[in-house]
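Those protein sequences? They're chains L and R, same order as listed. Going by this note's numbering, the residue at position 56 of the first sequence is 56; the numbering climbs one at a time, nothing skipped. Going by this note's numbering, the residue at position 39 of the second sequence is 39; the numbering climbs one at a time, nothing skipped. In this text, a Cβ means the ideal position worked out from N, Cα and C, and glycines have one as well.
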Amino acid sequence: MKYLDEYRDADLARKLLADIKKTITRPWTLMEVCGGQTHSIIKSGLDQMLPREITLVHGPGCPVCVTPLEQVDKAIALASRPDVIFTSYGDMLRVPGSTVRLSPDAHGEARDLFAVKATGGDVRIVYSPLDALKIARDNPGKTVVFFAIGFETTAPANAMAVLQAKARGLTNFAVLVSHVTVPAAIAALMDSPDVQVDGFLAAGHVCTVMGYWEYEPLAEKYKIPIVVTGFEPIDLLHGILDCVRELEAGRSGVRNAYARSVTRDGNKPAQAVIQKVFTMTDRAWRGIGVIPMSGYRLRPEFASFDAELRFPEVQAIETKESPLCISGLVLQGRKKPNECPAFGKECTPQTPLGATMVSSEGACAAYYRYGRYSLPSPREAPPEGVGRGVGGEFK
Amino acid sequence: MCLGIPAKVIELYEANGMKMAKVDFGGAVKEACMEYLPEVKVGDYTIVHVGFGLSILDEKEAFETMELLRQIDALGEEGFAA
Numbered sequence: 001m002k003y004l005d006e007y008r009d010a011d012l013a014r015k016l017l018a019d020i021k022k023t024i025t026r027p028w029t030l031m032e033v034c035g036g037q038t039h040s041i042i043k044s045g046l047d048q049m050l051p052r053e054i055t056l057v058h059g060p061g062c063p064v065c066v067t068p069l070e071q072v073d074k075a076i077a078l079a080s081r082p083d084v085i086f087t088s089y090g091d092m093l094r095v096p097g098s099t100v101r102l103s104p105d106a107h108g109e110a111r112d113l114f115a116v117k118a119t120g121g122d123v124r125i126v127y128s129p130l131d132a133l134k135i136a137r138d139n140p141g142k143t144v145v146f147f148a149i150g151f152e153t154t155a156p157a158n159a160m161a162v163l164q165a166k167a168r169g170l171t172n173f174a175v176l177v178s179h180v181t182v183p184a185a186i187a188a189l190m191d192s193p194d195v196q197v198d199g200f201l202a203a204g205h206v207c208t209v210m211g212y213w214e215y216e217p218l219a220e221k222y223k224i225p226i227v228v229t230g231f232e233p234i235d236l237l238h239g240i241l242d243c244v245r246e247l248e249a250g251r252s253g254v255r256n257a258y259a260r261s262v263t264r265d266g267n268k269p270a271q272a273v274i275q276k277v278f279t280m281t282d283r284a285w286r287g288i289g290v291i292p293m294s295g296y297r298l299r300p301e302f303a304s305f306d307a308e309l310r311f312p313e314v315q316a317i318e319t320k321e322s323p324l325c326i327s328g329l330v331l332q333g334r335k336k337p338n339e340c341p342a343f344g345k346e347c348t349p350q351t352p353l354g355a356t357m358v359s360s361e362g363a364c365a366a367y368y369r370y371g372r373y374s375l376p377s378p379r380e381a382p383p384e385g386v387g388r389g390v391g392g393e394f395k
Numbered sequence: 001m002c003l004g005i006p007a008k009v010i011e012l013y014e015a016n017g018m019k020m021a022k023v024d025f026g027g028a029v030k031e032a033c034m035e036y037l038p039e040v041k042v043g044d045y046t047i048v049h050v051g052f053g054l055s056i057l058d059e060k061e062a063f064e065t066m067e068l069l070r071q072i073d074a075l076g077e078e079g080f081a082a
């Protein structure tokens, strides 16, 4: 497939690895912001092939992981209502919430959306929010709630669904919004004394939508390089090489290593629709806490599509996190997944304690799936050019 | 969710007042909304996220980047033998 195969070329990867090795003179810590990039790095074994001077820490860019517990609990409560069809991207269904007592019409308790479905709740996985609109058109007797989560990549789709619902008079459609944005998270991480990151690989598809001009003041303020990076192994190596070159030269600023998809301005029509439907707001990030002006909420003119206003009784839910789970530290790059005592023991993809073990973009899920079981020893030299891949000793 | 994949536009049409396309993900054909890509043409490759085309992949930029990467003079390559 064009635009995929050439970015998985092993010879070119070796060349880039050699150039990174040649360029680097001292240890650097880079954070890849996006969970999709984390999975690609672990899957392709790049973490084990890079020179030992490079520590890659995994960032908060897993939308499923940072969706706050109270929104997951609200989703569970809404989904258990007999008058609601609850629609969601598939990843959210196994995300553990608190144990929520279901509405009187349903029976018992549920800890995730799958459990609600098991008790008879009408929970449906959709690929796109436009699918949720179609379900609303086909089921005029029910309220169809869509779980509008994600970063700037899903915001254009989620905003368009609301806009279309309004234009078509679909009054039985509503959204439970939990939208977050990347630049505010980078600032929060850089302001935290516990997070030590020398440079960032910015998320290529977030920048496809928003452009990268928002990152220029951040690079300047924190004196760091930020490199817009794609998702295939060659893209990631390109981003890492650019970031290392900037660090070694003592330069900060924004570079674009994903120019086939990203421009400085991004996708203007998409930004216009986001702005029409959403406005910036403070958002709670699961495991991290509230970050000021770090997400979107519906504008007042779209309030009738806000599931939280339509069903105000779902507001007051007491949330309870697992005391064992350290996903908050993992999401800030302060701990690696395999540093968690529960990793692979109490917490597995089948019995997740935190969302990072569930999502296809969660760092814990990547470490589990691709066999990074043992505790890390970042300064120990990995076998050059060899990815150990799946396997390893389960400790 | 952010792992958008390239897809080739094979047909453009309108549905429910929106610009839509049939797109081919290397064999799997799906429908995607092209409202955010007013200039998209049949044959373009786009990055599709949750059913929406978000960028048209720039062939010239892709070629230039690839050329640049391939020109890297990789001394010390023997450390990374196959």
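| query | result |
| --- | --- |
| L:Tyr-370, buried or exposed, once every other Cβ within 10 Å from all chains shown has been counted against 16 | buried |
| Proximity test, Cβ basis, 8 Å: L:Glu-246 and chain A | Included in the structure are the protein chains L and R, with no chain A among them. |
| Proximity winner among L:Lys-223, L:Val-262, L:Gln-271, relative to R:Ala-62 (alpha-carbon distances) | L:Val-262 |
| Element boundaries [beta strand (DSSP E), containing L:Lys-43] | That residue, L:Lys-43, is in no beta strand (DSSP E); its alpha helix (DSSP H) goes 35-44. |
| Straight-line Cα distance separating L:Pro-233 from L:Gly-389 | With a pLDDT of only 35 at L:Gly-389, under the threshold of 50, the placement of this residue in the model should not be trusted, and no figure is reported. |
| Inter-stretch contact at 8 Å, needing at least 3 Cβ pairs: the region 334-342 of chain L / the region 37-56 of chain L | no |
| Cross-chain neighbours of L:Ser-349 in chain R, by beta carbon under 9 Å | Sequence inspection shows Pro at residue 349 of chain L; the Ser mentioned does not correspond to that position. Result: empty, since nearest Cβ-Cβ is about 17 Å, beyond 9 Å. |
| Residue from L:Leu-16, L:Thr-38, L:Val-314 whose Cα sits closest to the Cα of R:Met-66 | L:Leu-16 |
| The region 53-70 of chain L / the region 145-156 of chain L touching (three or more Cβ pairs under 8 Å) | yes |
| Local conformation of L:Phe-394 per DSSP, three classes | Annotation note: pLDDT 27 at L:Phe-394 (below 50); position unreliable, coordinate value reported separately. DSSP places L:Phe-394 in coil when its eight states are reduced to three. |
| Chain R contact for L:Ile-85 (CB, 8 Å cutoff) | no |
| Alpha carbon of L:Val-72 to alpha carbon of L:Pro-82, nearest angstrom | 18 Å |
| Local conformation of L:Ser-178 per DSSP, three classes | strand |
| Test: R:Gly-43 CB closer than 8 Å to a CB of chain L | no |
| Within 8 Å, strictly: CB atoms of L:Gln-37 and L:Val-195 | no |
| Within chain R, partners of L:Lys-2 - CB distance below 8 Å | Pro-6, Lys-8, Tyr-45 |
| Cβ-Cβ separation, R:Tyr-45 to R:Pro-6 (assumed contact under 8 Å), whole Å | 5 Å |
| Anticipated Cβ contact below 8 Å, L:Pro-292 with L:Asp-282, distance rounded | 5 Å |
| Cutoff 8 Å: L:Gly-392 Cβ touching any chain R Cβ | In this prediction, L:Gly-392 scores a pLDDT of 30, lower than 50, which makes its location untrustworthy; the coordinate-derived value is nonetheless stated afterwards. Chain R contact via Cβ: absent. |
| L:Lys-336 classed as buried or exposed, judged by whether at least 16 other C-beta atoms fall within 10 angstroms | buried |
| Closer than 8 Å to chain L by CB, R:Ala-28 | no |
| Touch test, the region 18-28 of chain L against the region 181-189 of chain L, Cβ-Cβ under 8 Å, three pairs minimum | no |
| Closest by C-alpha distance to L:Asp-19, when choosing among L:Glu-346, L:Leu-241, L:Val-277, L:Asn-172 | L:Leu-241 |
| Distance cut-off 7 Å: L:Thr-181 Cβ against heavy atoms of the ligand NAD | Annotation note on the ligand NAD: not contained in the displayed structure, which lists no ligands. |
| Boundaries (first-last residue) of the beta strand (DSSP E) holding R:Val-29 | 28-33 |
| Contacts that R:Tyr-36 makes with chain L (C-beta to C-beta distance below 7 Å) | Pro-156, Asn-267, Pro-269, Ala-270 |
| Alpha-carbon spacing of L:Ala-77 relative to L:Val-100, whole angstroms | 7 Å |
| Beta carbon of L:Pro-68 nearer than 8 Å to that of L:Trp-285 | yes |
| Inter-residue spacing [alpha-carbon to alpha-carbon] between L:Lys-134 and L:Ile-274 | 21 Å |
| L:Glu-380 (DSSP reduced to helix, strand or coil) | Because L:Glu-380 sits at a pLDDT of 46, beneath the cut-off of 50, its placement in the model cannot be relied upon, and the following sentence gives the value as read from the coordinates. Three-state result, L:Glu-380: coil. |
| C-beta contact flag for L:Thr-319 and L:Arg-297 at 8 Å | no |
| Cutoff 8 Å: L:Arg-130 Cβ touching any chain R Cβ | Per the sequence shown, the amino acid found at residue 130 of chain L is Leu instead of Arg. Chain R contact via Cβ: present. |
| Residue from L:Ser-252, L:Glu-216, L:Ser-88 with nearest C-alpha to L:Ala-174 | L:Ser-88 |
| Rounded C-alpha distance that separates L:Ala-365 from L:Glu-248 | 33 Å |
| DSSP state of L:Met-160 mapped onto helix, strand, coil | helix |
| Residues of the region 207-236 of chain L whose Cβ lies closer than 8 Å to any Cβ of chain R, in chain order | Thr-208, Val-209, Phe-231, Ile-234 |
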